[in-house]
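In the working numbering, the protein residues as written are 156 to 474.
For reference, the structure is listed below as structure tokens.
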Amino acid sequence: MRLAYAAGRPLLVRGEPGTGKTQLARAAAKWLGWHLHAETIHPRFEPHELRYRFDAVRRLADAQAGDKNLDAHSPRYWKAGVLWKAYGWASAQAYLHRSEKSLVPLDQEVSEPAQPAGHVVLIDEIDKADSDLPNSLLEVLAQRSFHVEPLADETIGGPGVQAPLIVITTNEERDLPAAFLRRCVVLTLAAEKDSYVPWLVERGSAHFGSEKDVRTEALIDQSILLEAAKQLERDRNEIGRLELSKPGLAEYLDLLYALHALFGDEPDAVKRTELQRTWLTRLSAYGYLKHSVEDTTSKAHQPTEAKARRRTSEGQETP
Numbered sequence: 156m157r158l159a160y161a162a163g164r165p166l167l168v169r170g171e172p173g174t175g176k177t178q179l180a181r182a183a184a185k186w187l188g189w190h191l192h193a194e195t196i197h198p199r200f201e202p203h204e205l206r207y208r209f210d211a212v213r214r215l216a217d218a219q220a221g222d223k224n225l226d227a228h229s230p231r232y233w234k235a236g237v238l239w240k241a242y243g244w245a246s247a248q249a250y251l252h253r254s255e256k257s258l259v260p261l262d263q264e265v266s267e268p269a270q271p272a273g274h275v276v277l278i279d280e281i282d283k284a285d286s287d288l289p290n291s292l293l294e295v296l297a298q299r300s301f302h303v304e305p306l307a308d309e310t311i312g313g314p315g316v317q318a319p320l321i322v323i324t325t326n327e328e329r330d331l332p333a334a335f336l337r338r339c340v341v342l343t344l345a346a347e348k349d350s351y352v353p354w355l356v357e358r359g360s361a362h363f364g365s366e367k368d369v370r371t372e373a374l375i376d377q378s379i380l381l382e383a384a385k386q387l388e389r390d391r392n393e394i395g396r397l398e399l400s401k402p403g404l405a406e407y408l409d410l411l412y413a414l415h416a417l418f419g420d421e422p423d424a425v426k427r428t429e430l431q432r433t434w435l436t437r438l439s440a441y442g443y444l445k446h447s448v449e450d451t452t453s454k455a456h457q458p459t460e461a462k463a464r465r466r467t468s469e470g471q472e473t474p
């Protein structure tokens, strides 16, 4: 993060879902005291939407309703995208959604937001879009400036503008263009294969372990964190053999949050741990096995595994 900030390069964060890629951008904005602008990419996302959006449907509806004020450059139809806001905060003011300006009653004047100290732009899950999106960023990243249709004669960004910190995340569902990668500082949030269980436990401890000046007692015992991590690793291996997407940190934390929500109010730590251990076995099949596997002999077949793990949690032998 410090390297990207100092070099003025975007930070591309790679890793499985749930590894904290998005939270890294939020932490950076808090650390710097800068304003965060976030955009989550989807398969139909158009490259220009990072700079601006044009509401053609609304303008057509106004025309059909007989509205005479159909100025094609009106803020009524144009909205600033995350890059416009980050590179040209002042010019973007007229093109912000009301909710971004201030939380005031609808019948009152909207005040102009204060100039932020700086901007962090989060472009989340860029691999959901095709290569046109990262390719469209090449010139912006190189020139640190661009133009938008409503202000055709005005350059957004440029040498005199403080460059934002751009954080881009990918789950690696699609390869990114080499030219785009060369313009990024790349950070991979992943554990080594041989240390995956300790890596999970370390992150589980960060959420549910004891914490200095906050809580002296762990919310979930270390033995539960370890058992859940080992179970997840076994399930990852089974699902990996079927060449399906593997469960990871996101599923691991989901299961731990469920165990804490179900039994966190139990004051007796020993009893709480035993209840969580019992239900860890029961719930793991639902938390980790999400694919439609038809082979009932497979360890990744959820109905069979759920039944077997329930019997195990009840102290019964699995037939």
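Beta carbons are placed, not taken as given, at the ideal position from N, Cα and C, and that holds for glycine.
This structure is a prediction, so every number in the text was calculated from the model and none was measured.
For residue i, does the count of other Cβ atoms within 10 angstroms reach 16, so buried, or fall short, so exposed?
i	result
E201	exposed
Q298	exposed
A334	exposed
P353	exposed
Q431	buried
P260	A caution first: P260 carries a pLDDT of 44, below 50, which makes its placement in the model unreliable, though a value can still be read off. When all chains shown are included, P260 counts as exposed.
P402	buried
T174	buried
T428	buried
D390	buried
R143	The chain is shown from 156 up to 474; residue 143 falls before or after that span and cannot be answered.
W186	exposed
L158	exposed
L355	buried
Using alpha carbons as the reference points, say which of the options lies closest to residue i.
i	options	result
V130	L205, K176 and L435	Since the first residue of the chain shown is 156 and the last is 474, residue 130 is not available in this structure.
P305	L414, N326, P165 and P230	P230
A180	L277, K454, H197 and E382	L277
R437	V322, Q386, D226 and P332	Q386
A161	E382, I321, A346 and A345	I321
When the Cα atoms are used, what is the spatial distance from residue i to residue j?
i	j	result
L296	R370	44 angstroms
E294	L435	50 angstroms
E421	A373	13 angstroms
H274	T324	17 angstroms
H190	V237	11 angstroms
Q457	R358	26 angstroms
L166	C339	6 angstroms
S400	A440	15 angstroms
T459	I394	15 angstroms
A245	G312	11 angstroms
Y351	P314	45 angstroms
Rounded to whole angstroms, how far is the Cβ of residue i from the Cβ of residue j, which I believe are closer than 8 angstroms?
i	j	result
E406	G364	About 19 angstroms separates the two Cβ atoms, so there is no contact after all.
D287	N326	The Cβ separation is near 19 angstroms, so there is no contact.
R214	K234	About 13 angstroms; that fails the 8 angstroms criterion.
Which residues does DSSP pair with residue i in a beta bridge?
i	result
R370	E366
W233	F209
A193	L277
T343	R169
Given the structure, does residue i come close to the ligand PLP, in the sense that its CB is under 7 angstroms from one of the ligand's heavy atoms?
i	result
Y351	Among the components modelled here there is no ligand, and therefore nothing to report on the ligand PLP.
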